[in-house]
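Take a look at the structure set out below.
Chains as they are written, first to last, in UniProt numbering: chain A, 1 to 508; chain B, 1 to 470.
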């Protein structure tokens, strides 16, 4: 860590003394009192109704009531809160807008939730150097809104960009429709101020994006809150492209749409985004947004090109020719910016809109090699049929990032079947040479699937890295790693998890 | 800390597996509807629509202010669910967080899942009014509001006092008020909302009938429009009603403003006073039935919103259900009525050079989804340049009687709105709700003329400068 800007008042105790067998110190009134010494009383939430409001994030299947919720107002107060947690030996979970879909911000029993929803200032828009300095609670879309008058924008655009925070984006290394061309959060964050588990404040990365030594910035991004809390983020801004052209193309089959994506890439066209939706997701989204999607088309692609006008024009012709070659049944090319935004709204509202066609659903997130898109979709359809459940598909086709939506009814007792199908789909992605998660993270939801993708050695290394930052495992414990209590614990006689036996993971 | 198992030497990891430690059955409150009584509790299927995605958060005014989950739409729905299961009582935190909701319905606009928060809130507030005993001072303050605002005569009488007070109000009053203890904050808020009172306007009555302006080119009437004159509107913003009648008449409508009409019940309905709202709705329906009109127009966003909901409000009453439906089907905001005439306008618009910023009243934009109509009506005035407001979707803090009940939150929101308005550099602010006008006026400090959009249309048709614009 390049720069220690504050002395750690309470150093960690080293990896050999985690809170392993000893439970976290009982949370008593002293903890709340200590928080009230550094925060106004109303920003320390102790009442049951308040605490229960924080028991889950965007993934409601996993819930845990925290002991306390605190709402610090600036970076110093965040550090002060973390130091109090360290002093009391209690775990904490950082929380942005609580929109995550993998249970990454689910609280820990007897732990503290540190909400950064009061840290929402845009500290600086540096037009000359094309940078923005942000507090972690700034909404993703707000960055582009603030940069827009200067002809700049922030590229990563998760579908929840109107509400998800940059702090959460850093934790999850969030992507979005346009990361096919522009990359993920990690490609756009230059520098971060981070509060570590012991309350010390460090700076990772640097303002120019160049740094000597290991890329600790890169390590932190995507660590899902297990290494610390970021309190200030410097991001790169890009120049708004000269031209943007978007086409919404309907196809007679999922396969035809999938083949189109392959051909576009083969033609050396790099679109800003290539998104695919199936008829079920279009039905839901159209009802929610009236974006002009054809609900009875089996599949549609939303393809966007951006860049210099001449280049975009030439590529656009090529692109539409490819679509037509694959039997596109309709090509809708919005001409007005407003109309284009409407099409995007139709895509971006899809997850949430599925609530209109199903009482409950699970949003899955996996990656397959682009060449196996058609294959994986066929397999998912079969698995859905076998499980007797509907699966809607919305995904970033350009980079093979799938978002199958498993529809079910809690009240009809379908929860477990849906949960299983969803897990099977994620693990299928790994089987086909892909990944458990593209952008939503592992969180609570997929921690138990990690051994499907990673060997004991891999997990062992990850865990040692984590302990280097957080020796007591108090930053967002129970996430990301397949702890036995999460995955192996069964009522009755204690059975060690295989990874626990191998010494890779520990009982927290 | 007592509601979930504490982690002991033999830890109970069940919670880690997503199993919620549900309260013991014996702890649960109430009967079939948990802590709610059986008179229209928030419907389970409406609660189920919420998938906790959080898309509503940025547009919720209280979440924008405080960033607390309990004071967000999805948080409040979560509380409703807990109450519905009988896990928490209505008294205490539940009432606090529901009371803090402005009822602006920005979340309804933002929700991709189509959650009908408006219906959930309208089911929840009466539950609180019926089942939660408020503190004595809170009760008295609320009673005072509802004993004054829905009554034109009492408002007129009050306006006399108000005018006198404003004449005599010492300059040092600001300082004096600043020193009033916080517990009287609501009274101070009320004082500061008092508009410049014109006693003459307050006591002016609308003519019962304003005949359509007909000429040889347009000898046919468009029809008969009944005009809701409103309570606060008619007393404090009487010129808006006059402008409305003139515009309608100029566009070929006969305008009927029944003398005996009283409050539409919107203020009470939005505050959970259901029984009162039902009685007012019935009276108003009967009044406009007698007037035999084709359309019922209102220039108040809050009134229009509740009048359009009379069908649901009276759905249980076999004698009134159909009449309420028929009434609701005729209700139009004035901007809708005028917008429909734009294809074939009768009254010539004179140029009016002005940069105009239009503020969407929540009960027009969010509740009635009327956004483009008023803008089209304004753009039809030659010379008008319309500018948009940043954070347009966020409430100004007026929200019916909210700015009297929750003065601190309302004042933070009012200041935020005023700053956004000033940033546009517009010459005039227009908005279609008297509550918004009163609220924003307080924070704009006379920096900008403020009008109802129909007043600009009226000035343009008559070829005069709009009021306050010299």
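The C-beta atom is built at its ideal place from N, Cα and C for all residues, glycine as well.
As the structure is a computational prediction, the values presented were derived from the model and not from experiment.
{"Check": "Contacting residues, own chain, Cβ-Cβ under 7 Å from residue 54 of chain B (five flanking each side not counted)", "Outcome": "74"}
{"Check": "For residue 277 of chain A and residue 357 of chain A, the rounded distance between their alpha carbons", "Outcome": "15 Å"}
{"Check": "Backbone CA spacing between residue 24 of chain A and residue 477 of chain A [nearest angstrom]", "Outcome": "Confidence is the limiting factor: at residue 24 of chain A the pLDDT is only 45, short of 50, which leaves the residue's position unreliable, though a coordinate-based value still follows. Near 12 Å, if we compare the C-alpha coordinates of residue 477 of chain A and residue 24 of chain A."}
{"Check": "Cβ neighbours of residue 457 of chain B in the same chain (closer than 7 Å, five flanking residues each side left out)", "Outcome": "247, 338, 377, 381"}
{"Check": "Where residue 359 of chain A meets chain C, residues with beta-carbon distance less than 7 Å", "Outcome": "Among the chains of the structure shown, chain C does not appear; the protein chains present are A and B."}
{"Check": "Minimum Cβ-Cβ distance from residue 434 of chain A to chain B less than 9 Å", "Outcome": "no"}
{"Check": "Cα-Cα separation between residue 9 of chain A and residue 199 of chain A, rounded to whole angstroms", "Outcome": "With a pLDDT of 36 at residue 9 of chain A, under the threshold of 50, the modelled position of that residue is not reliable, and the figure given next carries that caveat. Taking the straight line joining both Cα atoms gives about 7 Å."}
{"Check": "C-alpha gap between residue 335 of chain B and residue 372 of chain B, whole angstroms", "Outcome": "9 Å"}
{"Check": "Residue-level contact to chain A via CB, residue 113 of chain B, 9 Å cutoff", "Outcome": "yes"}
{"Check": "Residue 32 of chain A versus residue 453 of chain B: straight-line alpha-carbon distance, rounded", "Outcome": "52 Å"}
{"Check": "C-alpha distance - residue 380 of chain A paired with residue 408 of chain A, whole-angstrom precision", "Outcome": "15 Å"}
{"Check": "Identity of the residues DSSP links to residue 159 of chain B by a beta bridge", "Outcome": "The partner list for residue 159 of chain B (beta bridge, DSSP) is empty, contrary to what the question assumes."}
{"Check": "Length at least 4, wholly inside the region 156–244 of chain A: the alpha helix (DSSP H) runs in chain order", "Outcome": "166–172, 179–182, 216–220"}
{"Check": "Residues within the region 120–143 of chain B neighbouring chain A, beta-carbon criterion of under 7 Å", "Outcome": "none"}
{"Check": "Enclosing alpha helix (DSSP H) for residue 318 of chain A [first to last residue]", "Outcome": "309–325"}
{"Check": "Proximal chain B residues relative to residue 54 of chain A, where beta-carbon distance stays under 7 Å", "Outcome": "69"}
{"Check": "Beta strand (DSSP E) segment containing residue 277 of chain A, residue limits", "Outcome": "273–278"}
{"Check": "C-beta neighbour in chain A for residue 117 of chain B, strict 9 Å", "Outcome": "no"}
{"Check": "Residue 228 of chain A versus residue 450 of chain B - alpha carbon distance", "Outcome": "50 Å"}
{"Check": "Check whether residue 254 of chain B and residue 221 of chain B have beta carbons under 9 Å apart", "Outcome": "yes"}
{"Check": "Chain-ordered chain B contacts of residue 182 of chain A [CB-CB under 8 Å]", "Outcome": "Neighbours of residue 182 of chain A on chain B: none; closest Cβ ~23 Å, over 8 Å."}
{"Check": "Contact with chain A by residue 465 of chain B, beta-carbon distance below 9 Å", "Outcome": "no"}
{"Check": "From A/107, A/446, A/360, residue whose alpha carbon lies closest to that of residue 413 of chain A", "Outcome": "A/360"}
{"Check": "Closest by C-alpha distance to residue 405 of chain B, when choosing among B/288, B/191, B/152", "Outcome": "B/191"}
{"Check": "Three-state class that DSSP yields for residue 99 of chain A in the structure shown", "Outcome": "coil"}
{"Check": "Cβ shell of residue 173 of chain A (< 6 Å), same chain only, five flanking positions each side left out", "Outcome": "184, 185, 186, 221, 222"}
{"Check": "Unbroken stretches of the beta strand (DSSP E), 3 residues or longer, contained in the region 350–427 of chain B", "Outcome": "354–359, 384–387"}
{"Check": "Reduced DSSP category for residue 470 of chain A - H, G, I as helix; E, B as strand; rest coil", "Outcome": "coil"}
{"Check": "Closer than 9 Å to chain A by CB, residue 20 of chain B", "Outcome": "With a pLDDT of only 39 at residue 20 of chain B, under the threshold of 50, the placement of this residue in the model should not be trusted, and no figure is reported."}
{"Check": "Inside the region 42–84 of chain A only - beta strand (DSSP E) runs reaching at least 3 residues", "Outcome": "68–70"}
{"Check": "Beta bridge counterpart(s) of residue 295 of chain B as assigned by DSSP", "Outcome": "B/225"}
{"Check": "For residue 364 of chain A and residue 422 of chain A, believed in contact at Cβ under 8 Å, the rounded distance", "Outcome": "5 Å"}
{"Check": "Contacting residues, own chain, Cβ-Cβ under 6 Å from residue 263 of chain A (five flanking each side not counted)", "Outcome": "322"}
{"Check": "Closer than 9 Å to chain B by CB, residue 315 of chain A", "Outcome": "no"}
{"Check": "Bridge partner(s) assigned by DSSP for residue 431 of chain B", "Outcome": "B/359"}
{"Check": "When A/433, A/78, A/28, A/410 are compared against residue 231 of chain A, the one with the closest alpha-carbon", "Outcome": "A/78"}
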